[in-house]
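Protein chains: 2
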Amino acid sequence: MGRPSGGNRKEEILEAGLEVFAKKGYYNTTTAHIAEKAGISQPYVFRFYKTKEELFIAALDRAFERILDTFKNVDASAEQLVEKMIDAYDKLSELHPNEIALQVIGISVTESAIRNATQKGLSNIRSYTLERFRDAGIENVEREVTTFLARGILCNISYFLDLPELIDTKNK
Amino acid sequence: MGRPSGGNRKEEILEAGLEVFAKKGYYNTTTAHIAEKAGISQPYVFRFYKTKEELFIAALDRAFERILDTFKNVDASAEQLVEKMIDAYDKLSELHPNEIALQVIGISVTESAIRNATQKGLSNIRSYTLERFRDAGIENVEREVTTFLARGILCNISYFLDLPELIDTKNK
DNA sequence: TATTAGTTATTGATCAATCAATAACTAAAG
DNA sequence: CTTTAGTTATTGATTGATCAATAACTAATA
Numbered sequence: 001m002g003r004p005s006g007g008n009r010k011e012e013i014l015e016a017g018l019e020v021f022a023k024k025g026y027y028n029t030t031t032a033h034i035a036e037k038a039g040i041s042q043p044y045v046f047r048f049y050k051t052k053e054e055l056f057i058a059a060l061d062r063a064f065e066r067i068l069d070t071f072k073n074v075d076a077s078a079e080q081l082v083e084k085m086i087d088a089y090d091k092l093s094e095l096h097p098n099e100i101a102l103q104v105i106g107i108s109v110t111e112s113a114i115r116n117a118t119q120k121g122l123s124n125i126r127s128y129t130l131e132r133f134r135d136a137g138i139e140n141v142e143r144e145v146t147t148f149l150a151r152g153i154l155c156n157i158s159y160f161l162d163l164p165e166l167i168d169t170k171n172k
Numbered sequence: 001m002g003r004p005s006g007g008n009r010k011e012e013i014l015e016a017g018l019e020v021f022a023k024k025g026y027y028n029t030t031t032a033h034i035a036e037k038a039g040i041s042q043p044y045v046f047r048f049y050k051t052k053e054e055l056f057i058a059a060l061d062r063a064f065e066r067i068l069d070t071f072k073n074v075d076a077s078a079e080q081l082v083e084k085m086i087d088a089y090d091k092l093s094e095l096h097p098n099e100i101a102l103q104v105i106g107i108s109v110t111e112s113a114i115r116n117a118t119q120k121g122l123s124n125i126r127s128y129t130l131e132r133f134r135d136a137g138i139e140n141v142e143r144e145v146t147t148f149l150a151r152g153i154l155c156n157i158s159y160f161l162d163l164p165e166l167i168d169t170k171n172k
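Listed in order, the protein sequences are those of chains A and B. Just so you know, the UniProt record's numbering puts 167 at position 167 of the first sequence, and the rest follows in order with no gaps. Just so you know, the UniProt record's numbering puts 44 at position 44 of the second sequence, and the rest follows in order with no gaps.
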């Protein structure tokens, strides 16, 4: 055959991967699944990503980047900072749920390159949050940042496990 | 051959499984690995656990049971409850790190029986904590419980990912 | 006709799980 | 006590399925 898609195959594959990985986890996702979702043949995936692992990392990086960008785009007064950051994250979660799921999945993948990507992603989010909280003059920064991250991750887990009762209902 | 171990093979296998699963995750653990650690042959594992999944669930259940038991054994005044519960959990984490790791691993395993076990385990811990906090007359219970659980889970993740900087250092 | 975009066919590895065999013991019968 | 019958503990060999990855091919376009 020829060239049905002049377009951005690599991007299409990334998005297909994101969806399937988010739903089935890393190990239960086959490259055939991703290919099917992207509407191409299984081996053709490897024209764009050398390995399944490389594709997963690309998807995971995108997820972490978007969170960081989201936080960077929050513009708020010192008093409103935390509230606004939570709002922004909530919106992000609704708009890109697969990327949220991917974060959760990344945590217990033991392949070392993936683990590295997860460590770096979480670490960056913490560093940036710490900086923002500190600049806003928040008291007890370290502890507040930990609680902020912890509640965010519990939120992700609650979504991923389909276990809404894990978090308090009065949680706008 | 004959009967080298008159004893508790099933328990030995469970403990071997706990160790290997905790280190390598669910999918990268082979039944051959577990057998090796238990000092038996690979097929013999199946005499005691019908499937690899069943063995994992047995190990996961043990992990969740021990957390619940730990909390149930905390005896403290209302004012000291939270502090004492955190202390108890810290001690548990040092004594049974593999069970902590297993909790983290369970979260992103998509096999439905395992997901069910994880949901039930977390749900029970939340219910019990809520009850204790409520009995102690803590204000804003739901929110406090969420934060308590969230910080606990972040702690587990920080340990599992070998990323200590994820939590605040001043956190006895 | 060269390049690009894609395919089909295939392989090599890995594993969970099954099965048939055997070693080592126990207990009853003679 | 010693044969016989039966049980328990365990293994080696194998199988069937699944997958990531490669190689070799084909068709459309410019």
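Beta carbons: idealized from backbone N, C-alpha and C, even for Gly.
In three-state terms, what does DSSP make of residue i?
{"i": "residue 121(B)", "result": "helix"}
{"i": "residue 84(B)", "result": "helix"}
{"i": "residue 161(B)", "result": "coil"}
{"i": "residue 139(B)", "result": "coil"}
{"i": "residue 167(B)", "result": "coil"}
{"i": "residue 44(A)", "result": "helix"}
{"i": "residue 152(B)", "result": "helix"}
{"i": "residue 91(A)", "result": "helix"}
{"i": "residue 111(B)", "result": "coil"}
{"i": "residue 70(B)", "result": "helix"}
{"i": "residue 50(B)", "result": "coil"}
{"i": "residue 128(A)", "result": "helix"}
{"i": "residue 28(A)", "result": "coil"}
Need the endpoints of the alpha helix (DSSP H) that residue i sits in, please.
{"i": "residue 77(B)", "result": "Careful: residue 77(B) lies outside any alpha helix (DSSP H) and carries neither H nor E."}
{"i": "residue 97(B)", "result": "97 to 107"}
{"i": "residue 219(B)", "result": "Chain B is shown only over 1 to 172; residue 219(B) falls outside these bounds and no answer can be derived."}
{"i": "residue 188(B)", "result": "This structure cannot settle anything about residue 188(B), because the visible part of chain B is limited to 1 through 172."}
Going by the CB atoms, is the gap between residue j and residue i shorter than 8 Å?
{"i": "residue 163(B)", "j": "residue 122(A)", "result": "yes"}
{"i": "residue 124(B)", "j": "residue 55(B)", "result": "no"}
{"i": "residue 179(A)", "j": "residue 92(A)", "result": "Nothing can be reported for residue 179(A): it is not among the residues displayed for chain A, which extend from 1 to 172."}
{"i": "residue 53(A)", "j": "residue 113(A)", "result": "yes"}
{"i": "residue 104(A)", "j": "residue 108(B)", "result": "yes"}
{"i": "residue 126(B)", "j": "residue 166(A)", "result": "yes"}
{"i": "residue 16(B)", "j": "residue 57(B)", "result": "no"}
{"i": "residue 12(B)", "j": "residue 63(B)", "result": "no"}
{"i": "residue 24(B)", "j": "residue 31(A)", "result": "no"}
{"i": "residue 40(B)", "j": "residue 20(B)", "result": "no"}
{"i": "residue 147(A)", "j": "residue 147(B)", "result": "yes"}
{"i": "residue 180(B)", "j": "residue 154(A)", "result": "The structure shown does not extend to residue 180(B), since chain B is modelled only from 1 to 172, so the question has no answer here."}
{"i": "residue 218(B)", "j": "residue 48(B)", "result": "Because chain B in this structure spans residues 1 to 172, residue 218(B) falls outside the shown range and cannot be described."}
{"i": "residue 96(B)", "j": "residue 66(B)", "result": "yes"}
{"i": "residue 131(A)", "j": "residue 138(A)", "result": "no"}
Could you please tell me which residues of the region 9 to 29 of chain A, in chain order, have their CB closer than 7 Å to any CB of chain B?
24, 25, 27 and 28
Of the residues that make up the region 119 to 130 of chain B, which ones have a beta carbon closer than 8 Å to any beta carbon in chain A?
119, 122, 123 and 126
Contacting positions in the region 102 to 114 of chain B - beta carbon closer than 9 Å to chain A
104, 105, 106, 107, 108, 109, 110 and 111
Listed in chain order, which residues of the region 159 to 171 of chain A have Cβ atoms closer than 9 Å to some Cβ of chain B?
160, 161, 162, 163, 165, 166, 167, 168, 169, 170 and 171
Closer than 8 Å, Cβ to any Cβ of chain B: which residues of the region 132 to 151 of chain A, in chain order?
142, 143, 145, 146, 147, 149, 150 and 151
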